[in-house]
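To keep things clear, I will list the structure first and then write my remarks on it.
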Amino acid sequence: MSLVVVGSMAFDSVKTPFGEVKEELGGSAAYFSVAASFFTEVKLVSVVGEDFSPEYIEQFRKRGIDLEGLERNIGKTFRWTVEYGDALNEAKTLKTELNVLERFHPKLPASYCNTPYLFLGNIDPILQGNVLKQLSPKFAVCDTMNFWIQGSREHLLETISNVDIVIINEGEARLLSGERNLVRAAKTILSFGPKSLVMKRGEYGALMFHHDQIFAAPAYPLETVIDPTGAGDSFAGGFVGFLARAQAPLNENLFRQAVIYGSVMASFCVEAFGLRRLWALNVTDIQCRYAAFRDLTAYEDAELF
Ligand code: AMP
Numbered sequence: 170m171s172l173v174v175v176g177s178m179a180f181d182s183v184k185t186p187f188g189e190v191k192e193e194l195g196g197s198a199a200y201f202s203v204a205a206s207f208f209t210e211v212k213l214v215s216v217v218g219e220d221f222s223p224e225y226i227e228q229f230r231k232r233g234i235d236l237e238g239l240e241r242n243i244g245k246t247f248r249w250t251v252e253y254g255d256a257l258n259e260a261k262t263l264k265t266e267l268n269v270l271e272r273f274h275p276k277l278p279a280s281y282c283n284t285p286y287l288f289l290g291n292i293d294p295i296l297q298g299n300v301l302k303q304l305s306p307k308f309a310v311c312d313t314m315n316f317w318i319q320g321s322r323e324h325l326l327e328t329i330s331n332v333d334i335v336i337i338n339e340g341e342a343r344l345l346s347g348e349r350n351l352v353r354a355a356k357t358i359l360s361f362g363p364k365s366l367v368m369k370r371g372e373y374g375a376l377m378f379h380h381d382q383i384f385a386a387p388a389y390p391l392e393t394v395i396d397p398t399g400a401g402d403s404f405a406g407g408f409v410g411f412l413a414r415a416q417a418p419l420n421e422n423l424f425r426q427a428v429i430y431g432s433v434m435a436s437f438c439v440e441a442f443g444l445r446r447l448w449a450l451n452v453t454d455i456q457c458r459y460a461a462f463r464d465l466t467a468y469e470d471a472e473l474f
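This is the structure we're talking about:
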């Protein structure tokens, strides 16, 4: 089944211990849509400015992503400047220039209506709420970040109360819940209304709190990690893309498998700056790494007791 994603399209300036890029193509909708496009049909809702070159548009088209919902407005594309320390786990935002995102009012094209799956990427929670109302999807997932947790908490809580799953990183979960312990943080966030919570933990993997169960997945141990930007959105792209491909009825096992596909897509994303690794992927790469994930935690019981 198809899915709609709403989020940012960006030019990111990123500094990591391994190098630096200026105005690299990024944004939550960009990472999510490319990752999800390996699993299902993706319809994108976002905005770019006059400085967004047609070659970029063509790259998304080549992945089969529907761009009818991508607006091109007067002004500059959203820009984000970020720096990561040695641990690579914490993004230090140096500058957020909303530009065309500031006056963006997403309008879903008629052809997007009745799309069953929706991902509300990292974007103003007021806009997330608008899209949710326009679509009334069967299954909705949302992400957010510190910028909105601190700056637009009430609207964010409203959005969260209306989605099936929240996907955020552990630092955001702590900030949103006011709890340091992750299990307590999850309980608090689930009390806001979503059915499940997926907590991304960077190099420590991901935790899913689903009904009364907790599922833990490791991050793939990589020899080369270059840039963590977009790992969260790529994770979400694999996660929601897989669920949309699997179709209803979604059961516990499919959710667990979705966490692994999310981890697979995130593991590719961090191997190069920006979207460079994701553009170069194919389905065989994805299946091989999925199998490697399985091997990573597989073992047989020796009957000693
Ligand atoms: P992540 O997957 O968490 O690393 O998300 C990274 C993407 O989020 C980057 O490509 C940024 O362009 C985008 N981003 C950062 N800050 C914001 C913001 N305040 N609103 C929308 N998108 C953002």
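Under the working numbering, the first residue of the sequence shown carries the number 170, and numbering increases by one thereafter. Beta carbons: idealized from backbone N, C-alpha and C, even for Gly. From a predicted model like this one, the values you see are computed outputs, not experimental measurements.
Query: Cβ distance (whole Å) where residue 431 is taken to contact residue 405 below 8 Å; Result: 7 Å
Query: Start and end residues, alpha helix (DSSP H) containing residue 447; Result: 445-448
Query: Residue closest to residue 199, alpha-carbon to alpha-carbon, out of 213, 192, 188; Result: 213
Query: Spatial distance of residue 394 from residue 209 (CA atoms); Result: 27 Å
Query: 8 Å CB neighbourhood of residue 331 in its chain, flanking five on each side removed; Result: 298, 301, 309, 362
Query: Among 234, 473, 419, 442, the one whose alpha carbon lies nearest that of residue 183; Result: 442
Query: Exposure of residue 446, with buried meaning 16 or more beta-carbon neighbours within 10 Å; Result: buried
Query: Touching by the beta-carbon criterion (3+ pairs, under 8 Å), the segment 285-297 and the segment 254-263; Result: no
Query: Rounded separation between residue 355 and residue 345 - CA only; Result: 10 Å
Query: Rounded C-alpha distance that separates residue 400 from residue 233; Result: 21 Å
Query: Identity of the residues DSSP links to residue 261 by a beta bridge; Result: 252
Query: Contiguous beta strand (DSSP E) assignments of at least 3 residues, all confined to the segment 322-361; Result: 334-338
Query: Endpoints, beta strand (DSSP E) assigned at residue 225; Result: Taken as a continuous stretch (DSSP letters only), residue 225 belongs to no beta strand (DSSP E), being part of the alpha helix (DSSP H) at 223-231.
Query: Beta bridge counterpart(s) of residue 314 as assigned by DSSP; Result: None, per the DSSP bridge assignment.
Query: Check whether residue 414 and residue 436 have beta carbons under 8 Å apart; Result: no
Query: Selection from 293, 353, 326, 201 that minimises the alpha carbon distance to residue 173; Result: 201
Query: Beta carbon of residue 304 nearer than 8 Å to that of residue 328; Result: no
Query: Outcome for residue 403 when other beta-carbon atoms lying within 10 angstroms are tallied against a minimum of 16; Result: buried
Query: Strand pairing of residue 377, partner residues [DSSP]; Result: 367, 384
Query: Euclidean distance between Cα positions of residue 274 and residue 296; Result: 7 Å
Query: Buried or exposed (CB count within 10 angstroms, at least 16 for buried), residue 470; Result: exposed
Query: Whole-angstrom C-beta distance between residue 364 and residue 334, which should lie under 8 Å; Result: 7 Å
Query: Residue 421, DSSP secondary structure in three states; Result: helix
Query: Identity of the residues DSSP links to residue 185 by a beta bridge; Result: 188
Query: Bridge partners - residue 240, DSSP secondary structure assignment; Result: 216
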